[in-house]
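> Can you keep this structure in mind? I'll have questions shortly.
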Amino acid sequence: MAQRLRRVLSVASECAPLVKTGGLADVVGALPAALEPLGWRTRILMPAYPGLLERVGRTRRIWRDEDLFGGPATVRSCHFEGLDLLLLDAPHLYDRPGGPYVVDGHDHHDNHVRFAALSWVAARIAIDGTSDKWRPDVVHAHDWQAGLVPSYLKYAGSRVPTLLTIHNIAFQGIFGPDQLDALHLPTWDFHPEALEYHSLVSTLKAGLVHASRISTVSPSYAQELTREEFGFGLQGVVTMRRDRGELSGILNGIDTEVWNPATDPQINNYDAADPAAKAANRQALLNEFSLAEPSGPLAVVVTRLTHQKGVDLLLEKLPVFIESGGAVVVLGSGDPGYEYALGELAARYPQSVGLHIGYDEQLSHRMYAGADLVLVPSRFEPCGLTQLIGLRYGAIPLVAATGGLRDTVVDATPEHLADGTATGFTFSDIDAGGLGFALGRSVDLYKDQAAWAQLRSQALNTPVDWGTSAAVYARLFTELVS
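Below, the structure is given as structure tokens:
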């Protein structure tokens, strides 16, 4: 008789390909397929935002509550593109204009209620199961939106183990203590060792305190979170969990079927064994943005246009890169000031700068395929997926040496170039000078096309799938249920 697959309930506010605002969605959507061969089957609980139920097609109701924080709610089960989904249908919380978190540039006024409800339902499913007789062995909660799952389980006396994964500690789910009763949170746990965070409540802190184990998305970021400059006020809690041996740093992977230059329908296909068609993709990208052939590398930037992502550093140093022979294509949106400044840069260098404000997944595939370089000068980066996709497509990552960027890119020093381990360019001084020096190194190496081809080959042959990391998650889940 075949052994029963153990059950994971993954709780998140977004999941690719249905809803995506950042890398969290990619992780939530890709990890289940990597876990299943290791004995763990995942169901993903997420909100039924507008249009989702129609998009997924047939569903069946497996849970209901006539009054979930102010209105009726059901959980509807379905299968969509290989994912086993549980969609929380609560129109009073999720059926509204705007994105998952923001409308017209401002947070939804009741985000704390909307995502406390998600956590509450996750806890009820973990305790009581669903009408189709499913109950998880472990709950995997993601970020502040699911941060209250461990707390609700603790208050109910449940022994279902929980893992909370921090994708970005800068977002903490903060609200006032006057909401405790409304969200079924006990006032007796409102103190500095639990829910209280500078006289307010943080759902992320609650999860960090109450989860059975905590993890984050790279070994370096796990260490950075114990330091004041990266911990955003929660470094003490993280340090406490680390000192107890309850913190893991597990690198993300990418979905190597979605991101596969050998089969990608958006591009001229190639692979590590035969990368010749990359040149045709480069030319196609230049043509798409009406750019001239540069004498130096063609770089791409695929990012949110924010201070954290180092866009100000790019604005300062890209003119020097361009005047040294480089060209750049930028895809992203964010701070209106950065959008305007990039528009001015494109107007100043119309034959060397391509710009698309917004997000276009298909365009991003063409950009990675056509690029010589992908630039990621983030001031902090928990893991980063952009550099992993760059490696997969032979777009050499040029990255700040922080978080997961440090863990996934080997700098093209003379020693690493000689021993065949180099996969990109890194810079430790995360400022304009550090970025400028790294860009200069890339321009210099590009002049030696044989060395550049070798570096590209090493990038293309770097494993970026979920295999290794999924095995670490599987071991961690097994420890939790033992």
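Residue 46 in the UniProt record's numbering sits at position 46 of the sequence shown, and the numbers go up by one each step. Even glycine gets a Cβ: it sits at the ideal position worked out from N, Cα and C.
Do the stretch 183 to 193 and the stretch 243 to 253 meet, that is, are 3 or more Cβ pairs less than 8 Å apart?
Result no; under three Cβ-Cβ pairs closer than 8 Å.
> Inspect the CB distances between the stretch 329 to 337 and the stretch 232 to 242 and report whether three or more fall short of 8 Å.
No contact exists between the stretch 329 to 337 and the stretch 232 to 242.
> Look at the alpha carbon of Q362 and the alpha carbon of G23, and state the distance between them as a whole number of angstroms.
Roughly 16 Å separates the two Cα atoms.
> For V301 versus L388, is the C-beta distance shorter than 9 Å?
No; because the gap between Cβ atoms is not below 9 Å, this pair is not in contact.
> Terminal residues of the continuous beta strand (DSSP E) containing L87?
Looking at the DSSP string, the run of the beta strand (DSSP E) that includes L87 is 83 to 89.
> With a Cβ-Cβ cutoff of 9 Å, do A327 and S352 count as a contact?
In this structure, S352 lies closer than 9 Å to A327 by Cβ.
> Grab me the residues of K317's own chain with a C-beta within less than 7 Å of its C-beta, minus the 5 sequence neighbours each way, in chain order.
Cβ within range, chain order: A432, L435, G436, L439.
> Whole-angstrom Cβ separation of S199 and G249, contact assumed at under 8 Å?
So it is not a contact: roughly 31 Å between Cβ atoms.
> Does the stretch 259 to 274 touch the stretch 304 to 319, meaning 3 or more C-beta pairs lie closer than 8 Å?
Touching, no, given that fewer than three Cβ pairs across the two stretches are closer than 8 Å.
> Any contact between the stretch 162 to 181 and the stretch 29 to 48? By contact I mean 3 or more CB pairs, one from each, below 8 Å.
In short, these stretches do not touch, since the Cβ pair count stays below three.
> On the DSSP letters alone, give me the boundaries of the alpha helix (DSSP H) that P219 sits inside.
219 to 224 is the extent of the alpha helix (DSSP H) around P219.
> With respect to the beta strand (DSSP E) encompassing W63, which residues constitute its N-terminal and C-terminal limits?
Its beta strand (DSSP E) spans residues 60 to 65.
> Leaving out the 5 sequence neighbours to the left and right, which residues in its chain are closer than 8 Å to R475 when beta-carbon positions are compared?
Counting only Cβ-Cβ distances below 8 Å, and skipping sequence neighbours, we find nothing.
> When the distance is taken between beta carbons, is L9 closer than 9 Å to A48?
No, these two residues do not count as a Cβ contact at 9 Å.
> Do the stretch 212 to 229 and the stretch 379 to 386 meet, that is, are 3 or more Cβ pairs less than 8 Å apart?
The answer is yes - the stretch 379 to 386 touches the stretch 212 to 229, with three or more Cβ pairs under 8 Å.
> Quick one: measure Cβ to Cβ for N268 and N281, integer angstroms, because I've assumed they're closer than 8 Å.
The pair is a contact, with the Cβ atoms about 5 Å apart (cut-off 8 Å).
> In the DSSP output, what is M46 paired with across the bridge?
L87.
> Between L52, H106, L153, which has its C-alpha nearest L164's C-alpha?
Of the listed residues, the one whose Cα sits closest to L164 is L153.
> Between S77 and M46, what straight-line distance do the alpha-carbon atoms span, to the nearest angstrom?
Between S77 and M46, the C-alpha separation is close to 11 Å.
> Going by DSSP in three states, H79 sits in which element: helix, strand or coil?
If DSSP states are grouped into helix, strand and coil, H79 belongs with the strands.
> Identify every residue that forms a DSSP beta bridge with H140.
Bridge partners of H140: S10, L163.
> Report the rounded CA-to-CA distance for V139 versus V258, giving the unit in angstroms.
Going from the Cα of V139 to the Cα of V258 covers about 26 Å.
> Taking the alpha-carbon positions, what's the E293 to R406 distance?
E293 and R406: Cα-Cα distance of roughly 31 Å.
> Looking at the secondary structure, which residues open and close the alpha helix (DSSP H) in which H112 lies?
Per DSSP, H112 belongs to the alpha helix (DSSP H) from 111 to 128.
> Spell out a yes or no on whether the stretch 204 to 212 and the stretch 144 to 159 are touching, meaning 3 or more CB-CB pairs, one atom from each, closer than 8 Å.
Segments in contact, yes.
> I think L68 touches A117, with their Cβ atoms under 8 Å apart; what is that distance to the nearest whole Å?
Contact holds; Cβ gap of about 5 Å.
> Beta-carbon within less than 6 Å of V311's beta-carbon, same chain only, minus the 5 sequence neighbours each way: which residues are those?
Here the set comprises L305, Y338.
> Along the alpha helix (DSSP H) that carries A299, what are the first and last residues, could you check?
Taken as a continuous stretch (DSSP letters only), A299 belongs to no alpha helix (DSSP H), being part of the beta strand (DSSP E) at 298 to 305.
> Just mark W63 as buried or exposed, buried being the case when its beta carbon has 16 or more other beta carbons within 10 Å.
Buried, because 16 or more other Cβ atoms sit within 10 Å of the Cβ of W63.
> For F427 and G354, which I take to be in contact (beta-carbon distance under 8 Å), what is that distance rounded to the nearest angstrom?
Rounded, the Cβ-Cβ distance is 24 Å, inconsistent with contact.
> In the structure shown, what three-state DSSP assignment does D411 receive?
Strand.
> Using a threshold of 9 Å, state whether the C-beta atoms of L342 and V374 are closer than that.
No. Outside cutoff.
> Go to A156, then tell me how far its beta strand (DSSP E) extends in each direction, as first and last residue.
Careful: A156 lies outside any beta strand (DSSP E) and carries neither H nor E.
> Terminal residues of the continuous beta strand (DSSP E) containing F427?
Looking at the DSSP string, the run of the beta strand (DSSP E) that includes F427 is 425 to 427.
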